[in-house]
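Down below is the structure, laid out as structure tokens.
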Ligand code: NAD
């Protein structure tokens, strides 16, 4: 069985889907690995590193895509999806992040090629699948990087400092939405010495906020149905969001740093911060909006642009994990390796067991069919 690792072609993408350490381990499964020249370079892995791990370098991208039985990529959207799907043929398997809930029509396009597609974002939230969960891996990096970005851009330091030139008060950081990214943001801001508060609609988040030394903010409003059966955040009503915004205005006015991470899979991000709320914030404060790619949690966010409104800076960075490409690729590669270990038998042959929840949930297209029930419903 041949596995192909192409170079990522999306603008700004620095990650690679497998690092040399993953290749070395997969080789033991009788997999022959071919790498496109330069595939790992932006993440700090040279062709030489892949060769040492037992891979070969493909003569060309076309040859790699033509000969591979399995193709693994990070970013399988936009122009890279167009190019890969045009090259695919029946029987090949494509594994990557495909934004399936927002772009379900791409799964249908994959089905038309006759190839099999695995959208990693659909990994079920079960204990057995945790080691294959790229959304959690990448959210960990985003949460950390959001705080580092805020610290770099802020006009104040995070920790309290007692100096000969006087005492500097610590910064106050507020994290809105405490899933994987938010929890990592809490922990990172705390480690840097800020006074950290956090809020989430899920009651279970309270314990997690306390566990990293941050303080949960309690609002006098309660969300209903905060989690779906699959363990994802449930969408809240407009009325709830309005009451949440009112209650949050006072909290925001006290902060130096605000990091928002609230997301609802397959939906536009909820607006947690209105323009009026920004206008109530301190001059010099900073909002890092991690939901910018799905519309933003702040009304004023512009994807990948810097907005300054009445002295408040709002940043909505795209693809923060790519800015820590080495570690992001290590985590992503390990997630993909673990998935391949599930899909391949000892002889390196691919077996898709649709009785297995992991296979059933993540395979979007197979044998000319759109096989994923969730996407079929979305496209109906
Ligand atoms: P996410 O990226 O889907 O959303 C981020 C957070 O935003 C969530 O915690 C959500 O409750 C919150 N949110 C949504 N609307 C909000 C609003 N109006 N106001 C404030 N907060 C709002 O979340 P995530 O990172 O996927 O994590 C969600 C939960 O799932 C966490 O408890 C996480 O630990 C858990 N999880 C479990 C597994 C697993 O068991 N395999 C894997 C990943 C995550």
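Residue numbers (our numbering): 15 to 394. C-beta atoms are modelled at their ideal positions from N, C-alpha and C, and glycine is treated no differently.
Do residue j and residue i come within 8 Å of each other at the CB atom, strictly closer than that value?
{"i": "residue 18", "j": "residue 82", "result": "yes"}
{"i": "residue 52", "j": "residue 63", "result": "no"}
{"i": "residue 386", "j": "residue 121", "result": "yes"}
{"i": "residue 440", "j": "residue 277", "result": "Residue 440 cannot be examined here, being either before or after the span of the chain that is shown, 15 to 394."}
{"i": "residue 376", "j": "residue 136", "result": "yes"}
{"i": "residue 395", "j": "residue 300", "result": "In this structure the chain extends from 15 to 394, so residue 395 is not present and cannot be described."}
{"i": "residue 207", "j": "residue 174", "result": "yes"}
{"i": "residue 125", "j": "residue 112", "result": "no"}
{"i": "residue 351", "j": "residue 41", "result": "no"}
{"i": "residue 98", "j": "residue 90", "result": "yes"}
{"i": "residue 250", "j": "residue 273", "result": "no"}
{"i": "residue 378", "j": "residue 114", "result": "yes"}
{"i": "residue 222", "j": "residue 182", "result": "no"}
{"i": "residue 102", "j": "residue 84", "result": "no"}
{"i": "residue 275", "j": "residue 190", "result": "yes"}
{"i": "residue 57", "j": "residue 340", "result": "yes"}
{"i": "residue 326", "j": "residue 295", "result": "yes"}
{"i": "residue 88", "j": "residue 31", "result": "yes"}
{"i": "residue 109", "j": "residue 371", "result": "no"}
{"i": "residue 117", "j": "residue 393", "result": "no"}
If you run the structure through DSSP and keep just helix, strand and coil, what is residue i?
{"i": "residue 90", "result": "coil"}
{"i": "residue 30", "result": "coil"}
{"i": "residue 342", "result": "helix"}
{"i": "residue 377", "result": "strand"}
{"i": "residue 313", "result": "coil"}
{"i": "residue 337", "result": "helix"}
{"i": "residue 366", "result": "coil"}
{"i": "residue 471", "result": "Residue numbering for the chain in the displayed model covers 15 to 394; residue 471 lies beyond these limits and cannot be assessed."}
{"i": "residue 350", "result": "helix"}
{"i": "residue 361", "result": "coil"}
{"i": "residue 146", "result": "helix"}
{"i": "residue 303", "result": "strand"}
{"i": "residue 59", "result": "coil"}
{"i": "residue 139", "result": "coil"}
{"i": "residue 256", "result": "helix"}
{"i": "residue 48", "result": "strand"}
{"i": "residue 172", "result": "coil"}
{"i": "residue 246", "result": "coil"}
{"i": "residue 199", "result": "helix"}
{"i": "residue 222", "result": "helix"}
{"i": "residue 190", "result": "strand"}
{"i": "residue 327", "result": "strand"}
{"i": "residue 391", "result": "helix"}
{"i": "residue 293", "result": "helix"}
Count the other C-beta atoms from every protein chain shown that fall within 10 angstroms of the C-beta of residue i, then say buried if there are 16 or more, exposed otherwise.
{"i": "residue 86", "result": "buried"}
{"i": "residue 284", "result": "buried"}
{"i": "residue 188", "result": "buried"}
{"i": "residue 21", "result": "buried"}
{"i": "residue 172", "result": "buried"}
{"i": "residue 239", "result": "exposed"}
{"i": "residue 270", "result": "buried"}
{"i": "residue 45", "result": "buried"}
{"i": "residue 367", "result": "exposed"}
{"i": "residue 369", "result": "exposed"}
{"i": "residue 344", "result": "buried"}
{"i": "residue 130", "result": "buried"}
{"i": "residue 319", "result": "exposed"}
{"i": "residue 67", "result": "buried"}
Can you give me the Cβ contacts of residue i inside the same chain, cut-off strictly under 6 Å, excluding the 5 residues immediately before and after it?
{"i": "residue 23", "result": "94"}
{"i": "residue 265", "result": "231"}
{"i": "residue 210", "result": "187, 200, 203, 204 and 228"}
{"i": "residue 147", "result": "137"}
{"i": "residue 47", "result": "17, 37 and 69"}
{"i": "residue 323", "result": "292 and 314"}
{"i": "residue 306", "result": "315, 317 and 330"}
{"i": "residue 164", "result": "271, 300 and 302"}
{"i": "residue 233", "result": "261"}
{"i": "residue 219", "result": "192"}
{"i": "residue 61", "result": "51 and 71"}
{"i": "residue 33", "result": "59, 343, 344 and 347"}
What residues in its chain sit with their C-beta under 8 Å from that of residue i, if we drop five residues either side in the sequence?
{"i": "residue 194", "result": "149, 150, 153, 154 and 157"}
{"i": "residue 336", "result": "26, 27, 28, 29 and 342"}
{"i": "residue 286", "result": "190, 191, 255, 258, 259, 262, 274, 276, 311 and 312"}
Excluding the 5 residues flanking residue i on each side, which residues of the same chain have their C-beta closer than 7 Å to its C-beta?
{"i": "residue 309", "result": "282 and 283"}
{"i": "residue 159", "result": "334, 337 and 338"}
{"i": "residue 359", "result": "365"}
{"i": "residue 288", "result": "259 and 313"}
{"i": "residue 268", "result": "186"}
{"i": "residue 363", "result": "15"}
{"i": "residue 348", "result": "36"}
{"i": "residue 241", "result": "216, 247 and 248"}
{"i": "residue 224", "result": "230"}
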